[in-house]
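Every letter in the sequence shown is one number past the one before it in the working numbering, and letter 235, counting from 1, is 246.
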Amino acid sequence: WPTAMGHLFSYLRLCREKGVPSHVFDDAKALAQLGFRYAEPSQPQAFVTATAASMPLYRPAAWLSGPSLLEGAGGPPTLRQLLGGMTPRAAMVEVCAKEVAPKAPRSEPIYGTRYGRQPIEGEVAAWEAAPLLPELSLPRPNPFIPKRLAIKAPQTLPRKEGVPSPTPSLLPAADGARVHFLPDRTFGRPRAFAYFLWRSPEFYTSARTAVTAELFAGMLAEVLQEATYEAAQAWSRRRA
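Laid out in structure tokens, this is it:
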């Protein structure tokens, strides 16, 4: 855990020294607007309870949108203030693991949970001197956030009972791959779902090839993790 904390404080130091890019706020604002505009209906009681709790914090015109949208120019100064306080000297670190049980002689009075306290001056000094890691960088602009939200597929009325569901169409295929596409004509949401299925008789010719294929799929998912995370943030979904 000291190494992980050192990496964390190294990244926070990077944010303080380099500054958080403006596109981070632009992306967050765009995603907040998408989430508010296309929010799914909530239960009335939960909606009223959440709205009532936020009413003292916003002007009447923003009672509904205030908790969801990022408005105004206060974001960057507030973030700089928060980053200024997120230092090793101001940190309280909690470690939960069986390995630290011998260092937990005290018991919490209600549930009897064992805990302990110990000084971390040595770790704090190391975290303050932690160098910037070349593997860490500030986030880039999210290329998957939609800019044009017009629905290309014409919307239709809900399907009547007895009418068969539409089926995907087969697009021009590349070597070794087939692409099926079905545009949504009902919900009208700016979302995309991608499903990737690997099928081949070669995958099951032996236990070795089956395990190798599974390892390859896992390694590919790991390589694409950064891109798929950005896509998920921007309301796209993929499943492999």
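The beta carbon of each residue, even a glycine, is placed where N, CA and C say it ideally should be.
These numbers come from a predicted model, not from an experiment.
ask   = Ends of the alpha helix (DSSP H) at Y122?
value = From DSSP, Y122 is part of no alpha helix (DSSP H); its letter is neither H nor E.
inquiry  = Starting from Y206, trace the beta strand (DSSP E) in both directions and tell me its first and last residue.
reply    = Bounds of the beta strand (DSSP E) holding Y206 are 203-206.
task = Could you tell me which of E172, A115, A243 sits nearest to F204, measuring between CA atoms?
result = Distance from the Cα of F204 is smallest, within the candidate group E172, A115, A243, for A243.
Distance CB(S21)-CB(L143) smaller than 7 Å = yes
ask   = Could you give the residue range of the alpha helix (DSSP H) that holds L42?
value = 33-48
key: N-terminal and C-terminal residue of the alpha helix (DSSP H) that F214 is part of   = Here F214 belongs to no alpha helix (DSSP H), and DSSP marks it neither H nor E.
ask   = Which residue or residues does DSSP assign as beta-bridge partners of F192?
value = S180
query = Can you name the start and end residues of the alpha helix (DSSP H) that K163 belongs to?
reply = Annotation for K163: no alpha helix (DSSP H) segment contains it, and DSSP assigns it neither H nor E.
query = Are P99 and E139 close, meaning C-beta to C-beta below 7 Å?
reply = yes
task = Could you tell me whether the Cβ atoms of V31 and L90 are closer together than 7 Å?
result = yes
ask   = When the distance is taken between beta carbons, is F192 closer than 7 Å to L208?
value = no
key: Cβ shell of G17 (< 6 Å), same chain only, five flanking positions each side left out   = W138, A141
ask   = With a cut-off of 8 Å, do at least 3 Cβ pairs link the stretch 119-134 to the stretch 156-166?
value = no
query = Closest to N153 by CA distance: which of A39, V222, A73 is it?
reply = Comparing Cα-Cα distances from N153 to each of A39, V222, A73, the minimum goes to A39.
ask   = With 16 other CB atoms within 10 Å as the buried threshold, where does I121 fall?
value = I121 is exposed by the Cβ-count criterion.
key: Which of helix, strand or coil DSSP assigns to M66   = helix
query = Does the beta-carbon distance from R200 to Y49 come in below 7 Å?
reply = yes
key: Residue span of the alpha helix (DSSP H) that contains M103, given as start and end   = Unbroken run through M103: none, as it is neither H nor E.
message = Less than 7 Å between the beta carbons of F155 and A232, yes or no?
response = no
ask   = Where does F155 sit, in a helix, a strand or coil, going by DSSP?
value = Secondary structure of F155 (DSSP, three-state): coil.
message = Please classify R24 as buried or exposed, where buried requires at least 16 other C-beta atoms within 10 Å of its C-beta.
response = With 16 or more other Cβ atoms within 10 Å, it is buried.
inquiry  = What does the Cβ neighbour count give for V59, buried or exposed, with the cut at 16 atoms within 10 Å?
reply    = exposed
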